[in-house]
Ligand SMILES: Nc1ncnc2c1ncn2[C@@H]1O[C@H](COP(=O)(O)OP(=O)(O)O)[C@@H](O)[C@H]1O
Ligand SMILES: [Mg+2]
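Chains as they are written, first to last, in our numbering: chain S, 1 to 332; chain V, 333 to 596; chain W, 597 to 1148.
See below:
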């Protein structure tokens, strides 16, 4: 034995083989506290479901003039009217989907191309520099994106539309293209930019987890780098890429401030992106910013809309998460 | 094999078997480890040397799905008894790992870590110095005790880990291929160190390097994979005895093949 | 791409045994890759150019373009009848909300001389009728917009004489009148009309009536001004028609084509981004508008969020990484956390509204819960109930939380919790298993291993993730709007039970307001401040990551 005395209990070699009771009380308490912290997240989910759906049910039961059928199929949304308010969610869904689709047109190709570049071409240092930049891009407050859309992009669009009108001689004629100050297009562009990082980073992760051997096999057959990237790596990572698309679209559906600021507050059934529309999220903000009193039909209607929104995004996230899990199992 | 009464033995295993996720990894190990001697575990990779070594201080408890059958008698008591606290077992039976794994703390704090968590009351500076001296590291680091342990060379890191293990005043040092990640000169330092430590400690060392086993150990256990059961890779002890005998006059053909380099 | 289709036989000869030939067209095949690259580079360049333009735009509007002169704010509803010739004092509606704690000094006292209705177009494309009172004040006639929040203190109703006096109006501009004997209005001329309160600056668009002789008041005596005339101005808020009457003050820029300096000197302009944005409370006047309460609110909300989310998030991460064994419960928690991270932030706002702002109302004095346990409950100021358990003021608990800083911090905690957990788990996972083994091998208990080795080693990584999560929270707008944070807060909070606003809500509010001064310039100034804070938080996080990252 070494010669420095320590408090070994002094009872010979067997003395330390005692029971662990005292120490274990502390260990157990910590264990329990940590478990509570991790189970708290389930409480949050339950809270979301209870509060959204609880109030949404009140909305339908307390207001006999609103039926679930009218809510789901009605094509007019005008809950703020004093007389004869209308509660058909379709115009809000119309606005939401239009912006989700248009922003995907921006984000999916650009995000995927960025991912291909980062995973297959970019040297390590460039990749390590670009990734935090993408993170920052996605961290910019969405109200700022809304401001950009309204103050910067819309004027550019106005210029372009004016140029088109002049070029085709449409000005002041019946076919003149008109663009609203608040329009779905400029909102979609910024929402698209907003979700590029999401697409890029999830797709890139998926592509990088494709084993090297697959790439080498392709090169050995005489494929170029681009062919290897597009015909071997992308298909191999397809489920991961699809998951990134689903998750990004879900994010676009839930995006709030950019569309509230830039897309307007006019719920309508339209396919024209140059018109002002209203999304589900924008409606919720509109009512809340106007400070609806608790228990009023307005404040209940936002819960019905919120529950619809939650169902849509939650389903998409579950699907995305599921695809991603399946994909990871394939290669890990 | 000589027996001088049970107190001469630090460990005696009795039908030790270890399972990972219900699959048998080593089967029915019966071994003795003699006090103040160096016992080596050799054998081909994957035969369960580390598994056996880690069961001496209940490190296998930390692997989810690992379970142990049989007994390990340490000073007359089974360390796998329900009443035994694995934490106390590990404090008394120190371990040095294959890859040096100092904490990313200062050299001083690395050594002081064990005493601190065990509520050591004495003079910490003195203890740290003593352990670093015992690990033959003091002269090299005495001027930079506040530097990060990770800044040392690999061989120094491993001696730091030995010093760290010594600081809890263990009875036994378990070493799992302690020199396999080191260059030959650093390896030599570690081997010299083991000879010095033998005075105060019992050492069990796993090595795949037969020269090393021959150089440092007093007793050698040869393990290998049981070839009578080719479907499962189950480790077992082939032969156990004084190192001299294992290397010059093995009783089993399999041992002879292995030590003479014809196998593995 | 026409060359793609041209077929060249392979140069290798043994045609006899070959089963077929290959289309060998290397250049076409490589072109695909090249085109991809060219497009990528063009897109990147385009993106960078747009970014540069955008940044220039924001910086120019937020820093270099001065705010325009005074203007009127037009929003709100219509109120009822008014009696001409009554002495009244009017308190600005928005300012009253702003001053919900402190009395406003923005009131105007005067005699009602008429009313006026105007039509405005709203964001939704509807038209809105706005009603104004024309007040005859000591500074001349002032238009006051009336909405349902406007407080009119009527002298005849007894309440007011003292109040009327307590609303001094700053008349300093009065002194600086540029007098003009006779002026023909020139289209395009810069002009400022009216007394300081409710005055309008703009460019003359049109005018009606005969050309008149205008006489201007100066501070040492008022010269006569008699002919009534309407003048339409192009202002920062769109077109305005102003009635010129006796008492109306007009200030002209000397040269219609020249610069605006004289007008600006008159009322003092400033660039949007100056110290005042940081030191002033919200105001309906752009030159006086700031976001002090927003900055303070953001800092406190973020502080509370950090305080709550750190133990919860890190605790959960430690449990999931170090304790949880594979099982359905762990699986459920994992899936759940991933999904929570994808729930739209607005939903958290609705959760916060239901739970923190409203639900805890179950603790009212009348509620069975409170009565059953005989809890000492006091009724609080804003419809809340105060539990003063130990009689110590700073330990009191208000239920429900109401639209308080605490409710804001709690809501934000729920929002960033999944991010904090995911980031902390990554940091913990980065600690190599050999470190755990080393600590266990020295006889450390599980909690000792965690608290003395794993946590300290993972701490910089956890902090990095934490700061990034908080930098996201500081920009979040929607949840706090839903939860009911306010827009106009003209006081600094004295406890976590106070009402609050945050920076991004101020920005959103400015973007909402008509007039470039708010919508473009002040919003840009606010964005610059917000982004500066956010980017420095990111920089700190990246610094932490690089400085303390351990190379194993
Ligand atoms: N953590 C573990 N989980 C599952 N199986 C393991 C684990 N550790 C070791 N094994 C298995 O146990 C057997 C013995 O491994 P080990 O003791 O590491 O051998 P050695 O140290 O002799 O190379 C191997 O077949 C190995 O795959
Ligand atoms: Mg091993």
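Beta carbons are placed, not taken as given, at the ideal position from N, Cα and C, and that holds for glycine.
Check: residue 538 (chain V) C-beta below 8 Å from any heavy atom of ligand 1: Here residue 538 (chain V) refers to the residue found at position 206 of the second chain. Answer for residue 538 (chain V): yes, Cβ within range of ligand 1.
Simplified DSSP assignment, three categories, for residue 993 (chain W): Indexing the third chain from 1 puts residue 993 (chain W) at position 397. Three-state DSSP puts residue 993 (chain W) in a strand.
Bridge partner(s) assigned by DSSP for residue 567 (chain V): As a first step, residue 567 (chain V) is located in the second chain; it is residue number 235 there, counting from the start. Paired residue(s): V:358, V:557.
CB contact below 9 Å: residue 1080 (chain W) versus chain S: Position 484 of the third chain holds residue 1080 (chain W). By this cut-off, residue 1080 (chain W) is an interface position.
Same chain, Cβ closer than 6 Å to residue 336 (chain V), neighbours up to 5 away in sequence not counted: Working through the second chain from its first residue, we reach residue 336 (chain V) at position 4. Its pLDDT being 43, under 50, residue 336 (chain V) is placed unreliably by the model, and the measurement read from it follows with that caveat. So no residue of the chain qualifies.
Whole-number beta carbon distance between residue 487 (chain V) and residue 435 (chain V), since they are thought to touch under 8 Å: Residue numbering aside, residue 435 (chain V) sits at position 103 when the second chain is read from its first letter. Residue numbering aside, residue 487 (chain V) sits at position 155 when the second chain is read from its first letter. Not quite, the Cβ-Cβ distance comes to about 18 Å (not below 8 Å), so this is no contact.
Chain S within 9 Å of residue 1084 (chain W), Cβ atoms only: Your numbering for residue 1084 (chain W) matches position 488 in the third chain. Chain S, which has no Cβ nearer than 9 Å to the Cβ of residue 1084 (chain W), makes this no.
Closer than 7 Å at the beta carbon, the chain W residues around residue 132 (chain S): The residue given as residue 132 (chain S) occupies position 132 in the first chain. The answer, in chain order, is 1138.
Within chain V, the residues that residue 1044 (chain W) reaches when beta carbons sit closer than 8 Å: Position 448 of the third chain, counted from the first residue, corresponds to residue 1044 (chain W). The contacting residues are 449.
Cβ pair residue 889 (chain W), residue 1096 (chain W) closer than 9 Å: By one-based count along the third chain, residue 889 (chain W) stands at place 293. By one-based count along the third chain, residue 1096 (chain W) stands at place 500. Against a cut-off of 9 Å, the Cβ pair of residue 1096 (chain W) and residue 889 (chain W) comes out as a contact.
Selection of the region 216-242 of chain S by Cβ proximity to chain W, strictly under 9 Å: 223, 224, 225, 226, 227, 229, 230
Cβ pair count under 8 Å reaching 3, the region 135-146 of chain S against the region 1128-1139 of chain W: yes
Proximity test, residue 517 (chain V) beta-carbon vs ligand 1 heavy atom, cut-off 8 Å: Within the second chain, the letter at position 185 stands for residue 517 (chain V). Incorrect: residue 517 (chain V) has no Cβ contact closer than 8 Å to ligand 1.
Status (buried if at least 16 other CB within 10 Å, exposed otherwise) for residue 168 (chain S): Counting from 1 along the first chain, the entry for residue 168 (chain S) is found at position 168. Flag for residue 168 (chain S) reads exposed.
Distance CB(residue 555 (chain V))-CB(residue 355 (chain V)) smaller than 9 Å: As a first step, residue 555 (chain V) must be located in the second chain, where it is residue number 223. As a first step, residue 355 (chain V) must be located in the second chain, where it is residue number 23. Going by C-beta atoms, residue 555 (chain V) is not nearer than 9 Å to residue 355 (chain V).
Cβ contact (3+ pairs, closer than 8 Å) linking the region 512-528 of chain V and the region 343-350 of chain V: no
Members of the region 650-663 of chain W near chain S, C-beta cut-off 7 Å: 650, 653
For residue 370 (chain V) and residue 494 (chain V), believed in contact at Cβ under 8 Å, the rounded distance: Counting from 1 along the second chain, the entry for residue 494 (chain V) is found at position 162. Counting from 1 along the second chain, the entry for residue 370 (chain V) is found at position 38. Rounded, the Cβ-Cβ distance is 14 Å, inconsistent with contact.
Best match in S:164, S:244, S:154 for proximity to residue 190 (chain S) [C-alpha to C-alpha]: Position 190 of the first chain holds residue 190 (chain S). Ranking S:164, S:244, S:154 by Cα distance to residue 190 (chain S) puts S:154 first.
Host alpha helix (DSSP H) of residue 247 (chain S) (start-end): In the first chain, counting from the first residue as 1, residue 247 (chain S) sits at position 247. Start and end: 238-254.
Close Cβ partners of residue 245 (chain S) (< 7 Å) along its chain, the five nearest in sequence each way excluded: Residue numbering aside, residue 245 (chain S) sits at position 245 when the first chain is read from its first letter. Contacts found: 108, 199.
DSSP-derived helix/strand/coil call for residue 361 (chain S): Here chain S has residues from 1 to 332 only, and residue 361 (chain S) is not among them.
Sequence-distant residues of its chain with Cβ nearer than 7 Å to residue 340 (chain V) (five each side left out): The residue given as residue 340 (chain V) occupies position 8 in the second chain. Result list for residue 340 (chain V): 366, 367, in chain order.
Three CB pairs or more closer than 8 Å across the region 892-900 of chain W and the region 988-1000 of chain W: no
Min CB distance residue 143 (chain S) to chain W below 9 Å: Translated into the one-based positions of the first chain, residue 143 (chain S) becomes position 143. For residue 143 (chain S), the answer is yes, since a Cβ of chain W falls inside 9 Å of its Cβ.
Neighbouring residues, chain W, relative to residue 446 (chain V) (Cβ below 7 Å): Position 114 of the second chain, counted from the start, is the residue given in the question as residue 446 (chain V). In chain order: 1038, 1039.
Alpha carbon of residue 227 (chain S) to alpha carbon of residue 625 (chain W), nearest angstrom: For the purposes of this step, residue 227 (chain S) is identified with residue 227 of the first chain, where counting begins at 1. For the purposes of this step, residue 625 (chain W) is identified with residue 29 of the third chain, where counting begins at 1. Approximately 8 Å, taken between the alpha carbons.
Three-state class that DSSP yields for residue 988 (chain W) in the structure shown: Locating residue 988 (chain W) in the third chain gives position 392, where the first residue counts as 1. In this structure, residue 988 (chain W) counts as coil in the three-state DSSP scheme.
Distance, residue 1090 (chain W) Cα to residue 157 (chain S) Cα: The residue given as residue 157 (chain S) occupies position 157 in the first chain. The residue given as residue 1090 (chain W) occupies position 494 in the third chain. The straight-line gap from Cα to Cα measures roughly 47 Å.
Proximity test, Cβ basis, 9 Å: residue 202 (chain S) and chain W: Position 202 of the first chain, counting from 1, holds the residue named residue 202 (chain S). Taking Cβ atoms only, chain W never reaches closer than 9 Å to residue 202 (chain S), which makes this a no.
6 Å Cβ shell around residue 320 (chain S) - same chain, five flanking residues per side excluded: As a working mapping, residue 320 (chain S) is identified with position 320 in the first chain. The residues are 243, 246, 247.
Cα-Cα separation between residue 507 (chain V) and residue 532 (chain V), rounded to whole angstroms: Counted from its first residue, the second chain places residue 507 (chain V) at position 175. Counted from its first residue, the second chain places residue 532 (chain V) at position 200. Computed Cα separation, rounded: 15 Å.
Beta-ladder partner(s) of residue 373 (chain V), from DSSP: Locating residue 373 (chain V) in the second chain gives position 41, where the first residue counts as 1. Answer is V:538, V:553.
The region 197-215 of chain S touching the region 111-131 of chain S, judged by at least three CB pairs closer than 8 Å: yes
Cβ-based burial, residue 231 (chain S) [other Cβ within 10 Å; buried from 16]: One-based indexing of the first chain puts residue 231 (chain S) at position 231. The residue in question, residue 231 (chain S), is exposed, as its Cβ has fewer than 16 Cβ neighbours within 10 Å.
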